[in-house]
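Residue numbers (our numbering): 405 to 825. Don't be surprised by glycine CBs; every beta carbon is placed ideally from N, CA and C. Worksheet: one structure, shown below.
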Amino acid sequence: MGGRAGSWRSLSDSEGEETASDPQPPLLDHQGAHWKNAVGFWLLGLCNNFSYVVMLSAAHDILSHERVPGNQSHVDPGPTPIPLNSSSRFDCNSVSTAAVLLADILPTFGIKLLAPLGLHMLPYSPRVLISGLCAAGSFILVAFSHSVGTSLCGVVLASISSGLGEVTFLSLTAFYPRAVISWWSSGTGGAGLLGALSYLGLTQAGLSPQHTLLSMLGIPVVLLASYFLLLTSPEPQDPGGEAEAETAARQPLIGTEAPESKPGCSSGLSLQERWTVFKVWMVAVFELLFFRNTSLSHAQQYRWYQMLYQAGVFASRSSLHCCRIHYTWALAMLQCLNLAILLADTWFSFLPSIYLVFLIILYEGLLGGAAYVNTFHNIALETSNEHREFAMAAACISDTLGISLSGLLALPLHDFLCHLS
Numbered sequence: 405m406g407g408r409a410g411s412w413r414s415l416s417d418s419e420g421e422e423t424a425s426d427p428q429p430p431l432l433d434h435q436g437a438h439w440k441n442a443v444g445f446w447l448l449g450l451c452n453n454f455s456y457v458v459m460l461s462a463a464h465d466i467l468s469h470e471r472v473p474g475n476q477s478h479v480d481p482g483p484t485p486i487p488l489n490s491s492s493r494f495d496c497n498s499v500s501t502a503a504v505l506l507a508d509i510l511p512t513f514g515i516k517l518l519a520p521l522g523l524h525m526l527p528y529s530p531r532v533l534i535s536g537l538c539a540a541g542s543f544i545l546v547a548f549s550h551s552v553g554t555s556l557c558g559v560v561l562a563s564i565s566s567g568l569g570e571v572t573f574l575s576l577t578a579f580y581p582r583a584v585i586s587w588w589s590s591g592t593g594g595a596g597l598l599g600a601l602s603y604l605g606l607t608q609a610g611l612s613p614q615h616t617l618l619s620m621l622g623i624p625v626v627l628l629a630s631y632f633l634l635l636t637s638p639e640p641q642d643p644g645g646e647a648e649a650e651t652a653a654r655q656p657l658i659g660t661e662a663p664e665s666k667p668g669c670s671s672g673l674s675l676q677e678r679w680t681v682f683k684v685w686m687v688a689v690f691e692l693l694f695f696r697n698t699s700l701s702h703a704q705q706y707r708w709y710q711m712l713y714q715a716g717v718f719a720s721r722s723s724l725h726c727c728r729i730h731y732t733w734a735l736a737m738l739q740c741l742n743l744a745i746l747l748a749d750t751w752f753s754f755l756p757s758i759y760l761v762f763l764i765i766l767y768e769g770l771l772g773g774a775a776y777v778n779t780f781h782n783i784a785l786e787t788s789n790e791h792r793e794f795a796m797a798a799a800c801i802s803d804t805l806g807i808s809l810s811g812l813l814a815l816p817l818h819d820f821l822c823h824l825s
């Protein structure tokens, strides 16, 4: 970034003289920087989560198909998936799509868990570069994979990219106005919608999964360009300023002093909110919600579930300016209720139409997105400037922990339901 947050470099004396002779109007300068940072963080959120979402949308294809050697244009289906129990009423893969979820989330969880201990040794710019390279590597590895195992290694790369990027960019928001949090959150929601929709649309249009993944290699390039070229350096009035941001990128996120809350705020509230970001990812349930009386195949139904969920996430993550929720724990409770309804339907098949499931999944996405953006917004309001960087990095651990636990539970749940007659 020429005047951006990655290099943290100052202008030379000669540059300073040139700019002094042609001053910019302060108001226009401030507005220009505001919109550059807003668009920059939106694009960072979009690009950072894009590969993660695409891998989830491709989960059914990853587990159901193997590449035929020498074929570079299509992913030919292998044998039709055989139910674990031939008398089962479900159309089951031998491995649950929760396996893809775990490969897509466990590395992220490990990065977020260890970030407060050692990530300070690596400045922001190298972190972003590693994140972009891992995202590109994930698309290439999965696209040219000949086996499920190799594909899952590509999914792991996507997870490393997303996890490292999220903890980096959320920490970086501490050195910018609080408004960038809502832009970042909206961008991550946009990644869900555009990632799922692009994979669904391109495969529905007849493009092979391989070419669909390769067409997305421009996303990591946009991520790097947004960070290095679009973001401005933190202004002096921003929390910490440029010098502190450069120093903080190399300092431990865990200090000897306990975090302080702003006056009038409860110190326990933000901790409580951190653990209400548990999004219930109903991966095994999504996979087993298969309606035979529609024109959509099982793989197409799964892609539609992912796209509708991400559409709800995008809408609610972009709603902070018009709707703010303080009691985020209520959103988590409603998500649990949704899980109970869909789990009951996989067992008793009482929902008469797939369109009712579409509505429930869209509603689930609205709840998940609202929980994410409001939790981080509340933390930003209730933590002091000097502790906000740590608070943002630590809070995102709870989000990933919830997804990891749901993935671990989904594996035995998948096997149990597939053995039902």
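Quick check: residue 629 and residue 455, are their CB atoms within less than 8 angstroms of each other? no
Find out if the Cβ-Cβ distance for the pair residue 593, residue 780 is shorter than 8 angstroms. no
Identify the continuous alpha helix (DSSP H) that holds residue 603 and give its terminal residues. 583-608
Alpha carbon to alpha carbon, how far is residue 533 from residue 512? 16 angstroms
Whole angstroms are fine: how far does the CA of residue 554 sit from the CA of residue 545? 7 angstroms
Going by alpha carbons, who is nearest to residue 571 out of 552, 548, 526? 526
What did DSSP end up calling residue 818 once you bin it into helix, strand or coil? helix
Short of 6 angstroms in beta carbon distance, which residues of its chain neighbour residue 564, apart from the five on each side in sequence? Order them along the chain. 511, 538
Which same chain residues, not among the five before or five after residue 541, have their C-beta less than 7 angstroms away from its C-beta? 561
In chain order, what residues of the same chain lie with their CB nearer than 7 angstroms to the CB of residue 536, ignoring the 5 residues before and after it? 624, 627, 628
Host alpha helix (DSSP H) of residue 760 (start-end): 758-786
Between which two residues does the alpha helix (DSSP H) harbouring residue 742 extend? 733-752
If you draw a straight line from the alpha carbon of residue 587 to that of residue 823, how long is it in whole angstroms? 45 angstroms
Going by beta-carbon coordinates alone, are residue 735 and residue 729 separated by less than 8 angstroms? yes
List the whole-angstrom C-beta distance separating residue 746 from residue 693, where the pair is believed to meet the contact cut-off of C-beta under 8 angstroms. 7 angstroms
For residue 749, collect the residues of the same chain with a Cβ closer than 8 angstroms to its Cβ; drop the 5 residues on either side in sequence, then sort them by chain order. 693, 755, 761
Quick one: Cα of residue 466 to Cα of residue 771, how far? 28 angstroms
How big is the Cα-Cα spacing for residue 789 and residue 531? 23 angstroms
If residue 508 sits next to residue 559, beta carbons under 8 angstroms apart, how far is it from one beta carbon to the other, in whole angstroms? 5 angstroms
Starting from residue 573, follow the alpha helix (DSSP H) in both directions and report where the run begins and ends. 552-576
Leaving aside the five residues before and after residue 567 along the sequence, list all residues of the same chain whose C-beta is less than 8 angstroms from its C-beta, in chain order. 511, 512, 513, 514, 515, 516, 804
Identify the continuous alpha helix (DSSP H) that holds residue 527 and give its terminal residues. Premise fails: residue 527 is in no alpha helix (DSSP H) and is neither H nor E.
Taking the alpha-carbon positions, what's the residue 635 to residue 810 distance? 36 angstroms
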